[in-house]
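Enquirer: Sharing a structure, written as structure tokens. Questions coming.
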Amino acid sequence: MSTDTALDAAPPAEPKLSPVEGFKAESRWLRGTIAEEFADPNVDHLSEANKQLLKFHGSYQQEDRDARKKRDKPGVGKAYMFMVRLKLPGGKLTADQYLAMDDIAGRYANGTIRFTTRQSIQFHGILKENMKSLIGGINDALVSSLGACGDVNRNVVSCPAPLNDPVRTQMQELADAIAAHLTPRAGSQAYHEIWLNGKTLASLNGAAEKSPEVSEPIYGKVYLPRKFKVALALPEDNCTDILAQCLGFLAIRENGKPVGYNLYAGGGQGQTNGNPETFPHLARAVCFVEPNEVVRASEGIIKLFRDHGNRANRKRARLKYVMHDWGVEKFREVFARDYFGPLQLPKDAPITGLDLHHGWQPQGAGKWFLGLSVENGRVKDSGTLRFRAGLRAIVNTIRCNVRITTQQDVLLCDIATADRPKVDSLLNEYGIPRPEGLNLIQKWSMACPAIPTCGLAITEAERALPTVTTQLAGALAELGLSEEVVSVRMTGCPNGCARPYQSEVGLVGRGGTKYTMYIGGDTFGRRLNTELQDSVPIEQIVPKLKTIFTAFKAERTPGEAFGDYCTRVGIERLQGMIGASNGKP
Ligand code: SRM
Ligand code: SF4
Numbered sequence: 000m001s002t003d004t005a006l007d008a009a010p011p012a013e014p015k016l017s018p019v020e021g022f023k024a025e026s027r028w029l030r031g032t033i034a035e036e037f038a039d040p041n042v043d044h045l046s047e048a049n050k051q052l053l054k055f056h057g058s059y060q061q062e063d064r065d066a067r068k069k070r071d072k073p074g075v076g077k078a079y080m081f082m083v084r085l086k087l088p089g090g091k092l093t094a095d096q097y098l099a100m101d102d103i104a105g106r107y108a109n110g111t112i113r114f115t116t117r118q119s120i121q122f123h124g125i126l127k128e129n130m131k132s133l134i135g136g137i138n139d140a141l142v143s144s145l146g147a148c149g150d151v152n153r154n155v156v157s158c159p160a161p162l163n164d165p166v167r168t169q170m171q172e173l174a175d176a177i178a179a180h181l182t183p184r185a186g187s188q189a190y191h192e193i194w195l196n197g198k199t200l201a202s203l204n205g206a207a208e209k210s211p212e213v214s215e216p217i218y219g220k221v222y223l224p225r226k227f228k229v230a231l232a233l234p235e236d237n238c239t240d241i242l243a244q245c246l247g248f249l250a251i252r253e254n255g256k257p258v259g260y261n262l263y264a265g266g267g268q269g270q271t272n273g274n275p276e277t278f279p280h281l282a283r284a285v286c287f288v289e290p291n292e293v294v295r296a297s298e299g300i301i302k303l304f305r306d307h308g309n310r311a312n313r314k315r316a317r318l319k320y321v322m323h324d325w326g327v328e329k330f331r332e333v334f335a336r337d338y339f340g341p342l343q344l345p346k347d348a349p350i351t352g353l354d355l356h357h358g359w360q361p362q363g364a365g366k367w368f369l370g371l372s373v374e375n376g377r378v379k380d381s382g383t384l385r386f387r388a389g390l391r392a393i394v395n396t397i398r399c400n401v402r403i404t405t406q407q408d409v410l411l412c413d414i415a416t417a418d419r420p421k422v423d424s425l426l427n428e429y430g431i432p433r434p435e436g437l438n439l440i441q442k443w444s445m446a447c448p449a450i451p452t453c454g455l456a457i458t459e460a461e462r463a464l465p466t467v468t469t470q471l472a473g474a475l476a477e478l479g480l481s482e483e484v485v486s487v488r489m490t491g492c493p494n495g496c497a498r499p500y501q502s503e504v505g506l507v508g509r510g511g512t513k514y515t516m517y518i519g520g521d522t523f524g525r526r527l528n529t530e531l532q533d534s535v536p537i538e539q540i541v542p543k544l545k546t547i548f549t550a551f552k553a554e555r556t557p558g559e560a561f562g563d564y565c566t567r568v569g570i571e572r573l574q575g576m577i578g579a580s581n582g583k584p
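Residue 0 is where the sequence shown starts when you use numbering that gives the first Met the number 0, and the numbers rise one by one after that.
What follows is the structure, given as structure tokens:
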């Protein structure tokens, strides 16, 4: 190209903004016409703009996909319904709040409670006419759903173990502080107007409520380019999977006291089939911050994302792509120059463990907590396993506080020694298994909801994984490997809601009853796994894994974990064992 032509050429056109940017800009701080559409009995589903804006209020419009199968006749409409997700920093609920949520699940939702991978609660199957009562009910219990979804900071997760430990205590306080600081301000007024008839309650994580604002000082008019996720963890207990988060704070302890945090940025899981520009990415260590700098650093990183995230292509609109495309050096430079000030380098603090927090454990000051494994986070009553009724009975009788974990499990907290036998007998009465009685595969597994509620699911997950884990546990028992900890995570599409790209075995829905198999992550969440084989029929998953476990048993070095073995021998060798080449069947 000649110089003249280059000078004459028009400047490159600004990429066209995604339509969601327009919805946000015109929404009058997230109001849209949500109130009008919910009030209109002739509207059975929302306009596209309101559907997007509703997410900021903590809700998704969904469809009953089981009902879809029975609805082939012409003239029969979709069975629309709603999901509501709570914003629950650190996964904490008082006994009264838990009982209120249980009541709401029975009264206004489908009778189940779903513990999520971000230590929150989702209600499913809510009819349009019940939405105001449900959201009013959770706010009456001083809980909120504002900002649980949408292009804002989502639920801030932190280690839920209620130990009498200054580090974990500070992490929980910081989770609350970050959540409060990053709560939408003008958006909270819209939330009140729409769902609470303008009533102001003290529930919305503090700050926004104390000084209601007419604008968004942190987010601005168009909020963030996409969702944003924050976690706090400890090097010896990475139970919140910090490297999968947009922003992570890893506690640094000296003489038992918290002295600060290594700040990680740019993690995320979601990818899209056939789009190589999208991929899971582990967060990178950026700097070290003092405890009193954590909230300011969170604001700085979120503003960096606000200003530099991709607002044209929502598939590439996450902070992980800013980190990937810039590299950590440029990321540090821009963060320091424009958003934070001079940086201290991260301390040497490798991740060395991950605790599920199961079983009876002393929490200090003469109290106990009990961690229970909840299969795929679904709390329901089914046959002799009456999990929902049992949890309600225990919380009601003992008045114990509740914490939800990011592994979709629950901790019953602050239990006096004298109350332990009562809890044990209620577990028996309601058929709730103690973690010691469960196999390790189930305890270390997770699945996302997928069908029938998730509109993006292309396969089953929550309803399919139990069969796979039962078969796999059987296969491992035959090989004498029942005592091996192996994390298995399944999702109904590549979006990664159960963080399947960090587990030792990842099963990602491909369509019908087929899954892409991934292998070689680690139980502490430090490594991404690798695609083993695409489009594997579900019934072939366990036989293929059994072949690899057989080789693992014969060839492992002393104490070597399954994921480490898979990484050491390499993906081609593993593919050779199961007759797959280049990941194809
Ligand atoms: Fe997720 C979208 C469920 C944690 C990545 N996620 C969805 C939606 C809302 C589907 C939709 O957009 O229509 C799912 C609702 C299903 C249903 O019927 O309830 C859904 N995600 C979940 C939950 C309930 C899974 C679970 O088993 O617990 C988790 C709720 C967390 C919470 O309480 O806030 C959940 N989602 C995650 C995680 C894990 C995490 O945050 O630690 C991820 C991967 C981390 C990440 O963000 O990269 C995750 N969800 C996604 C994505 C992919 C985003 C991307 O960058 O491409 C989508 C799709 C989207 O946003 O367009 C998605
Ligand atoms: Fe839905 Fe996919 Fe997330 Fe599963 S991973 S809940 S199928 S979006």
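We put the CB at the ideal spot given by N, CA and C, even for glycine.
Would you mind reading off the limits of the beta strand (DSSP E) that contains residue 260?
Expert: First-last of the beta strand (DSSP E) with residue 260: 256–264.
Enquirer: When the Cα of residue 450 is compared with those of 149, 489 and 478, which residue comes out closest?
Expert: Selected option, being the one with the closest Cα: 489.
Enquirer: What residue ranges within the stretch 417–492 form continuous alpha helix (DSSP H) runs of no fewer than 4 residues, ordered along the chain?
Expert: You should have 419–428, 439–442 and 464–477.
Enquirer: Which two residues bound the contiguous beta strand (DSSP E) that contains residue 514?
Expert: First-last of the beta strand (DSSP E) with residue 514: 513–518.
Enquirer: Give the DSSP bridge partners of residue 132, in chain order.
Expert: Per DSSP, none; premise fails for residue 132.
Enquirer: What residues match up with residue 80 in a beta bridge as DSSP calls it?
Expert: Answer is 61, bridged to residue 80.
Enquirer: Please say whether residue 530 and residue 517 have beta carbons closer to each other than 7 Å?
Expert: Taking 7 Å as the Cβ cut-off, residue 517 and residue 530 qualify as a contacting pair.
Enquirer: I want to check one thing, is the minimum distance from the CB of residue 228 to the heavy atoms of the ligand SRM below 6 Å?
Expert: Yes - the ligand SRM has a heavy atom lying nearer than 6 Å to the Cβ of residue 228.
Enquirer: Whose CA, out of 49, 52, 80 and 53, lies closest to the CA of residue 64?
Expert: Closest option to residue 64, Cα to Cα, is 80.
Enquirer: Taking all protein chains shown into account, decide if residue 236 is buried (16 or more other Cβ within 10 angstroms of its Cβ) or exposed.
Expert: By the neighbour-count rule (16 or more Cβ atoms within 10 Å), residue 236 is buried.
Enquirer: Kindly indicate which residue of 60, 349, 273 and 100 has the alpha-carbon position closest to the one of residue 78.
Expert: It is 60.
Enquirer: Is residue 147 closer than 7 Å to residue 294 when the C-beta atoms are compared?
Expert: Going by C-beta atoms, residue 294 is not nearer than 7 Å to residue 147.
Enquirer: Quick one: what's got a C-beta closer than 6 Å to residue 520's C-beta in the same chain, skipping five residues either side?
Expert: Same-chain partners within the cutoff: 501, 502, 503, 526, 528 and 562.
Enquirer: In this structure, how does DSSP classify residue 497 when only helix, strand and coil are distinguished?
Expert: Coil.
Enquirer: Contact criterion: CB-CB distance below 7 Å. Does residue 430 meet it with respect to chain C?
Expert: Judged by its chain identifiers, the structure shown contains no chain C, having just a single protein chain.
Enquirer: For a test of your reading of the model: does the CB of residue 497 fall under 6 Å from any non-hydrogen atom of the ligand SRM? Yes or no.
Expert: Residue 497: yes, Cβ under 6 Å from the ligand SRM.
Enquirer: Under the rule that 16 or more other beta-carbon atoms within 10 Å means buried, what is residue 3, buried or exposed?
Expert: Residue placement at residue 3 cannot be trusted, given a pLDDT of 41 that sits under 50; what the coordinates show is reported in the next sentence. Exposed.
Enquirer: By the 10 Å Cβ neighbour count, where 16 or more other Cβ atoms means buried, how is residue 396 classified, buried or exposed?
Expert: Label assigned to residue 396: exposed.
Enquirer: On the three-state DSSP scale, how would you describe residue 530?
Expert: Residue 530: strand per DSSP, three-state reduction.
Enquirer: Let me check you understand the geometry: is the CB of residue 316 closer than 6 Å to at least one non-hydrogen atom of the ligand SF4?
Expert: No, since every heavy atom of the ligand SF4 falls outside the 6 Å radius drawn around the Cβ of residue 316.
Enquirer: Taking residue 339 as part of the alpha helix (DSSP H), name the residues at either end of that continuous run.
Expert: Counting along the chain, residue 339 falls outside any alpha helix (DSSP H), and DSSP gives it neither H nor E.
Enquirer: Helix, strand or coil for residue 194? Go by DSSP, reduced to three states.
Expert: Residue state, collapsed to three classes: helix.
Enquirer: Indicate, with yes or no, if the ligand SF4 has a heavy atom lying under 6 Å from the CB of residue 463.
Expert: Checking the Cβ of residue 463 against the ligand SF4 gives no.
Enquirer: According to DSSP, is residue 120 helix, strand or coil?
Expert: In the structure shown, residue 120 sits in a strand (DSSP, three-state: E or B).
Enquirer: Could you tell me the distance, in whole angstroms, from the CA atom of residue 91 to the CA atom of residue 546?
Expert: Distance between the alpha carbons of residue 91 and residue 546: 42 Å.
Enquirer: Quick one: measure Cβ to Cβ for residue 579 and residue 539, integer angstroms, because I've assumed they're closer than 8 Å.
Expert: About 10 Å; that fails the 8 Å criterion.
Enquirer: Going by DSSP, what residue range makes up the beta strand (DSSP E) through residue 411?
Expert: Residues 409–415.
Enquirer: Out of 40, 164 and 437, state which residue places its alpha-carbon closest to the alpha-carbon of residue 254.
Expert: Measuring from the Cα of residue 254, the nearest candidate turns out to be 164.
Enquirer: Can you give me the C-alpha to C-alpha distance between residue 196 and residue 38, rounded to a whole angstrom?
Expert: Rounded to whole angstroms, residue 196 to residue 38 spans 12 Å at the Cα level.
Enquirer: When you compare each of 136, 115 and 305 to residue 105 by their alpha carbons, which one comes out closest?
Expert: The shortest Cα separation from residue 105 among 136, 115 and 305 belongs to 136.
Enquirer: Give a single yes or no on whether residue 165 has its beta carbon closer than 6 Å to a heavy atom of the ligand SF4.
Expert: No - the ligand SF4 has no heavy atom lying nearer than 6 Å to the Cβ of residue 165.
Enquirer: Starting from residue 244 and walking both ways along the alpha helix (DSSP H), at which residues does that stretch end?
Expert: Per DSSP, residue 244 belongs to no alpha helix (DSSP H) and is neither H nor E.
Enquirer: If the criterion is Cβ atoms closer than 7 Å, does the pair residue 83 and residue 114 meet it?
Expert: Against a cut-off of 7 Å, the Cβ pair of residue 114 and residue 83 comes out as no contact.
Enquirer: Output the distance between the C-alpha atoms of residue 424 and residue 407, rounded to the nearest integer angstrom.
Expert: If you take the alpha carbons of residue 424 and residue 407, they lie about 24 Å apart.
Enquirer: Given this structure, state the Cα-to-Cα distance separating residue 287 from residue 260, to the nearest angstrom.
Expert: One C-alpha to the other measures close to 6 Å.
Enquirer: Can you tell me where the alpha helix (DSSP H) with residue 49 in it begins and where it stops?
Expert: Per DSSP, residue 49 belongs to the alpha helix (DSSP H) from 47–55.
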